[in-house]
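J.: There's a structure below that I have some questions on.
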Amino acid sequence: MTAPNTPTGPGADPYAPHDPFAPPPAPVGPKRPKRALLPEVRIGVLIAAGGALLGVVLGLLWLWLAPRVGLVVKGDQLLYADPEGEQRAGADSVFALLGLGAGLVTALTAFLFTRGRGGGVAVAAGLAVGGLAGSVIGWQLGMKLGPASDLVAHARQVGDGGRFSAPLELGAHGALLVWPMTAMVLLLVLSAAFGKREEDPPPYWAWPHPEAGHPEAGHPEADHASDGHAHGGRAAGGPEHPHAG
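Mind the numbering: the sequence shown is residues 1 to 245 in the UniProt record's numbering, read in order.
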């Protein structure tokens with residue numbers, strides 16, 4: 001016979017001293033399969049590259065839709081053609097709205113593309129990096145393709161009294177974060193509402209283990225105790241015998 005808690009697995013020493021008060025070894029459950037890291041990284045890189053390419057479209061749309069700031073030459077001065085106009089703020093607003101739309105499109109596309117394929121943190125990281133890269137690329141592309149930034153040379157070219165458009169600029173640089181933040185928030189909402197949930201492993205006390213402390217069926221002591229309770233119940237609840245008179 002083998003003593004309780006005696007290691008019987010391969011490599012166990014049968015002559016090692018045994019502690020009778022040692023707790024039984026914890027049951028070993030099935031190990032969760034490890035997910036491959038390379039496919040997730042590849043998905044994140046593809047999402048980031050797609051965001052960077054979409055930044056070119058963002059820059060062209062910004063150049064087309066942003067209002068122009070008019071300048072007029074008066075002698076040696078450059079003045080705004082409409083001093084009370086809101087064209088400069090309008091350019092920032094258009095860029096922010098385009099970034100909002102790009103964030104919605106990229107997040108929805110990435111969620112539908114990676115649904116059921118995994119991705120996890122790589123999808124969120126790809127959206128954040130791709131959104132920020134796309135915003136920067138669109139900003140720089142719109143500025144380079146817009147009106148010339150050399151105001152003095154442009155003023156000399158049009159002459160006194162001439163008008164031309166100021167360079168396309170982004171006054172509020174915080175608009176660059178609209179795209180990545182929108183994509184992250186939408187991805188979180190979609191994952192919480194429609195994402196695939198992984199089953200959590202059962203707790204350690206839920207694994208099958210030998211039950212202790214329960215008397216086996218047919219044990220003499222258990223039968224004797226049950227009989228005693230039964231006799232006691234009948235004695236307590238039974239009728240009293242009349243005394244012989």
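Just so you know, even glycine gets a beta-carbon here, dropped at the ideal spot from N, CA and C.
Taking just the CA atoms, how far does Val-129 sit from Val-189?
T.: 19 Å
J.: Taking its Cβ as the centre, do 16 or more other Cβ atoms sit within 10 Å of Ser-149, making it buried, or is it exposed?
T.: exposed
J.: Run through DSSP, which three-state label would residue 256 get?
T.: The structure shown does not extend to residue 256, since the chain is modelled only from 1 through 245, so no value can be given for it.
J.: Got a sec: does the ligand SAH put a non-hydrogen atom nearer than 6 Å to the Cβ of Arg-115?
T.: With respect to small molecules bound, the structure shown includes none, and the ligand SAH cannot be examined in it.
J.: Roughly how many whole angstroms lie between the Cα atoms of Gly-103 and Ser-191?
T.: 15 Å
J.: Tell me whether Leu-132 is buried or exposed, calling it buried when 16 or more other Cβ atoms sit within 10 Å of its Cβ.
T.: buried
J.: In the DSSP output, what is Gln-77 paired with across the bridge?
T.: Lys-74
J.: Nearest to Ala-49 by alpha carbon, out of Leu-65, Leu-63, Leu-127 and Val-158?
T.: Leu-127
J.: Could you give the distance in angstroms between the alpha-carbon of Glu-40 and the alpha-carbon of Leu-46?
T.: 10 Å
J.: Return the chain-ordered list of same chain residues with a C-beta closer than 7 Å to the C-beta of Asp-92, the five sequence neighbours on each side being excluded.
T.: Once the five neighbours on either side are set aside, the close Cβ partners of Asp-92 are Leu-170, Gly-171, Ala-172 and Ala-175.
J.: Do Leu-58 and Gly-138 have their CB atoms nearer than 7 Å?
T.: yes
J.: Within 10 angstroms of its Cβ, does Val-178 collect 16 or more other Cβ (buried), or is it exposed?
T.: Buried, since its Cβ has 16 or more Cβ neighbours within 10 Å.
J.: What's the call for Gly-75, buried or exposed, on a 16-neighbour Cβ count within 10 Å?
T.: exposed
J.: If you drop the 5 nearest sequence neighbours on each side, which residues of the same chain put their C-beta closer than 7 Å to that of Gly-218?
T.: Caution applies to Gly-218, whose pLDDT of 44 falls short of 50 and renders its modelled position unreliable; the value that the coordinates give is listed next. Here the set comprises nothing.
J.: Give the secondary structure of Arg-163 by DSSP, where H, G and I count as helix, E and B as strand, and everything else as coil.
T.: strand
J.: Among residues of its own chain, excluding the 5 on either side of Gly-120, which ones have a beta-carbon nearer than 7 Å to its beta-carbon?
T.: Glu-40
J.: Could you tell me how far apart the beta carbons of Ala-166 and Leu-71 are, in whole angstroms, since I believe they sit closer than 8 Å?
T.: 5 Å
J.: Of all the options Phe-111, Gly-146, Val-94 and Ala-122, which has the alpha carbon lying nearest to the alpha carbon of Leu-187?
T.: The candidate whose alpha carbon is nearest that of Leu-187 is Phe-111.
J.: Can you give me the C-alpha to C-alpha distance between Gln-87 and Ala-125, rounded to a whole angstrom?
T.: 34 Å
J.: Short check: CB of Ala-155 to CB of Val-73, under 7 Å?
T.: The answer is yes: Cβ separation under 7 Å.
J.: Consult DSSP for Pro-147 and reduce its assignment to one of helix, strand or coil.
T.: coil
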